[in-house]
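Take a look at the structure below.
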Amino acid sequence: MRQDDHGLQNADLATRTDLVFDFSGVGHVDLAGLSILLTARQLAHLDQRDVWVRGLPDDTWQVLYALGLQDYFRLFQHMIGPHE
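Take the sequence shown: its position 62, counting from 1, is numbered 61 in numbering that gives the first Met the number 0, and each next residue is one higher.
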């Protein structure tokens, strides 16, 4: 996770950088990937940051919904333009 505020003396001056996972083109997220995603969310939450996901496969969303974890992540909308 990118944290630009390490080493700052005044915590009020720290910048908050959210984390974005882009799963575009990924067909399946296995248990290890899901574990990394959940661990990142836990660490980000402790630092008052958000975890955004983009292009998460439907079956992975179904797992998150089944576990009641769907609200742990923010949905990064699909971009429109030359980067798609």
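In this text, a Cβ means the ideal position worked out from N, Cα and C, and glycines have one as well. Here the structure is a predicted model, which means the values were calculated and not measured.
Cα-Cα separation, residue i to residue j
i: D57; j: V28; result: 10 angstroms
i: F20; j: R53; result: 6 angstroms
i: A31; j: R40; result: 14 angstroms
i: T16; j: I35; result: 18 angstroms
i: T65; j: L37; result: Looking at the sequence shown, residue 65 is not Thr but Ala. Between A65 and L37, the C-alpha separation is close to 14 angstroms.
i: L71; j: G24; result: The sequence given here has Tyr at residue 71, not Leu. Roughly 22 angstroms between the two C-alpha positions.
Residue i (DSSP reduced to helix, strand or coil)
i: D29; result: coil
Short Cβ contact (7 angstroms threshold) for residue i with residue j
i: F75; j: W51; result: yes
i: D49; j: R73; result: yes
i: A43; j: L68; result: no
Residue from the options whose Cα sits closest to the Cα of residue i
i: L55; options: L63, L42, L45; result: L63
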